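Notes follow the structure.
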Amino acid sequence: MSALSFWAQIRSTWANTVAAADQAITRPSVRLKPMFRFSLYRPKLPIAVTGHRGTGKTLLYDAIVGNVGTNYVPSGKSQGAEPHRVILSARSSKTRCEVIVVPGQLSAERDDALDSMMTDGAFPTGLIHVTCFGHNTVWHSSDRATVGGELALGARGLSQEAVRLRNLEQEALEFEDLCNRLRDAWYRKSGVWLIVAVAKCDLYWSRIGEARDYYLPGCGSADSRFAAALQGLVKHVGEANFAGLAVLPLSCYPEAHEFDPTLPKSRPELDQRQATVLVDRFRTVIGDFCGRR
Amino acid sequence: MEGGSAGVEARSITGAEFDAALDKAEQLLGFYDRGRAHIRLSYVLMLASALAVVIPLGVVAASEAFPGLLGITTVGVVGVALLVVMLRRHVRALSATVRRDERAMLEVIDVLRELLPDVAKEEGWGPARYQIAAAWVSRFPIGGRGSR
């Protein structure tokens, strides 16, 4: 597969997903549901869910297993790695997967989870990396005050855009660290897949083209730090060794986002129906990649 | 920025201040870990001392009649009860200290986690310097594990 067609295919999947947001909800072809708690079956497929803090990793897991409904309440800051066993049903096949949601903060819990999945020959077959175009949640108000104070002291000053850009920088830094780990874990491995979930896109749907240019290599005039890291990883692992790679817009739970009460609030530009379509598309891609191994 | 003294301009945290705060957090993590180990040891001591009295008494009582059994049992049970009460008080005091150290450690490290990329950028840290600081910050837990 030529370099152009590899990335062109990824861009086409993105474009199809964006276009699908306005289509009607169809019956999902792929389902994920948690395994019976006391089941003795061992999951076959390790999948990691990674991302910077406050991007919505736990929410994404809840959305793909169908836990997000009208009565859903987001669980907030995760205190550690969250291991789950799920059954993925696509067409006539069923696959047992172990999904581990890795904490985003630099912490002992994050290192332990990544080490258990990526050292001593272990590697995740699938990896879902969650990003949010700088709309991260900073969990504690004391931390928000610290960040706000630091930004106010800096050259950029405190503004909604300054907070977003700061989050984007941190997200890229975290992704570079993850890529370094993946380079070792996926070295000479094949059948692996990666999905970059561009989550919370309901908050910036009018700027979705900008988000595509930021996360997808070869879209803008110059690749962003994130896109360069992604391209570097693909080059190192080898395009042929990927069972699939996708960068997809996603909205799991449209809700307003506010960093600080003094700054304007971002309001969702998508409704629940459109979010459901995006989650269904996301789930279908997971099913497709798992079936390709 | 509010809160500074008049005439003194507020400024961001420096690399040296970051390292000093990290040292403090490291110290608190040490106190916290030692405190937790101490508490676990106290619980083991309570259990071991209770078993050390109850098991021999049980064996003697089951084997044959012993003239001084009642007296020895009373002394043994009272002794163990006193020891347990003392250790419980010790554990309660220690738990409060552990929780205090834990709270302070988590607050300091949360701030350092947030500020690490800013400090690195501001001070022009190279990849190695950043990697070392990130590895150090990664030693800390995200949330509390309580005093047990």
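For the record, the sequence lines run as chains A and B.
The numbering of the first sequence is my numbering, which starts it at 250 and goes up by one.
The numbering of the second sequence is my numbering, which starts it at 155 and goes up by one.
Backbone N, C-alpha and C define an ideal beta-carbon position, used for all residues, glycine too.
Owing to the predicted nature of the structure, the values given are computational and were not obtained by experimental measurement.
Residue 404 (chain A), DSSP secondary structure in three states: coil
Option nearest residue 437 (chain A) by Cα separation, candidates A:352, A:297, A:482 and A:377: A:482
Reference residue 518 (chain A), options A:506, A:529 and A:510, closest by Cα: Nearest of A:506, A:529 and A:510 to residue 518 (chain A), Cα basis: A:506.
Between the CA atoms of residue 271 (chain A) and residue 404 (chain A) - distance to the nearest angstrom: One C-alpha to the other measures close to 40 Å.
Rounded distance between the beta-carbons of residue 502 (chain A) and residue 335 (chain A), thought under 8 Å: 19 Å between Cβ atoms; not a contact.
Min CB distance residue 292 (chain B) to chain A below 7 Å: yes
Which of helix, strand or coil DSSP assigns to residue 277 (chain A): coil
Closer than 7 Å to chain A by CB, residue 267 (chain B): yes
Spatial neighbours of residue 465 (chain A) in its chain, beta-carbon cut-off 7 Å, leaving aside the 5 residues before and after: So the qualifying residues of the chain are 259, 260, 263, 476 and 496.
Proximity winner among A:281, A:299, A:287 and A:328, relative to residue 311 (chain A) (alpha-carbon distances): A:281
Cβ-based contacts, 8 Å cut-off: residues of the stretch 170-204 of chain B near chain A: none
Cβ neighbours of residue 255 (chain B) in the same chain (closer than 7 Å, five flanking residues each side left out): 182, 185, 186 and 189.
Opposing strand residues paired with residue 375 (chain A) [DSSP bridges]: A:296 and A:442
Presumed contact (8 Å Cβ cut-off) between residue 300 (chain A) and residue 379 (chain A), rounded CB distance: Confirmed, about 3 Å.
Same chain, Cβ closer than 8 Å to residue 256 (chain A), five either side skipped, listed in chain order: So the qualifying residues of the chain are 465, 466 and 467.
Neighbourhood of residue 326 (chain A) by C-beta distance below 6 Å, restricted to the same chain and skipping five residues each side: 388
7 Å CB neighbourhood of residue 276 (chain B) in its chain, flanking five on each side removed: 166
Check whether residue 392 (chain A) and residue 261 (chain B) have beta carbons under 7 Å apart: no
DSSP beta-bridge partners of residue 333 (chain A): Per DSSP, A:348.
7 Å Cβ cutoff, residue 356 (chain A) in contact with chain B: yes
Where residue 514 (chain A) sits in the DSSP three-state scheme: In the structure shown, residue 514 (chain A) sits in coil (DSSP, three-state: anything other than H, G, I, E or B).
CB contact check: residue 419 (chain A) to chain B, cutoff 7 Å: yes
Within-7 Å CB hit, residue 282 (chain B) to chain A: Not closer than 7 Å to any Cβ of chain A, the Cβ of residue 282 (chain B) fails to qualify, so no.
First through last residue of the alpha helix (DSSP H) which encompasses residue 281 (chain B): 281-291
Three-state class that DSSP yields for residue 497 (chain A) in the structure shown: strand
Chain C contact for residue 286 (chain B) (CB, 7 Å cutoff): Within the model displayed, chain C is absent; protein chains A and B are what it includes.
Segment contact flag, the stretch 405-415 of chain A with the stretch 336-353 of chain A, C-beta cutoff 8 Å, min 3 pairs: In the pairwise beta carbon analysis, the stretch 405-415 of chain A is classified as not touching the stretch 336-353 of chain A: fewer than three pairs are separated by under 8 Å.
7 Å Cβ cutoff, residue 278 (chain B) in contact with chain A: Residue-level contact by beta carbon fails for residue 278 (chain B) and chain A, as no gap is shorter than 7 Å.
is_contact[residue 166 (chain B), chain A] using C-beta, thresh 7 Å: yes
Straight-line gap, residue 352 (chain A) to residue 538 (chain A) (C-alpha atoms, nearest Å): Those two C-alpha atoms are separated by around 24 Å.
Exposed unless 16 or more other CB atoms sit within 10 angstroms - verdict on residue 293 (chain A): exposed
Assigned exposure category for residue 548 (chain A) - 16 Cβ within 10 Å defines buried: This structure leaves residue 548 (chain A) out entirely; chain A is present only between 250 and 542.
Spatial distance of residue 228 (chain B) from residue 207 (chain B) (CA atoms): 11 Å
Minimum Cβ-Cβ distance from residue 296 (chain B) to chain A less than 7 Å: For residue 296 (chain B), the closest Cβ of chain A is nearer than 7 Å.
Cutoff 7 Å: residue 264 (chain B) Cβ touching any chain A Cβ: yes
Opposing strand residues paired with residue 338 (chain A) [DSSP bridges]: A:280 and A:343
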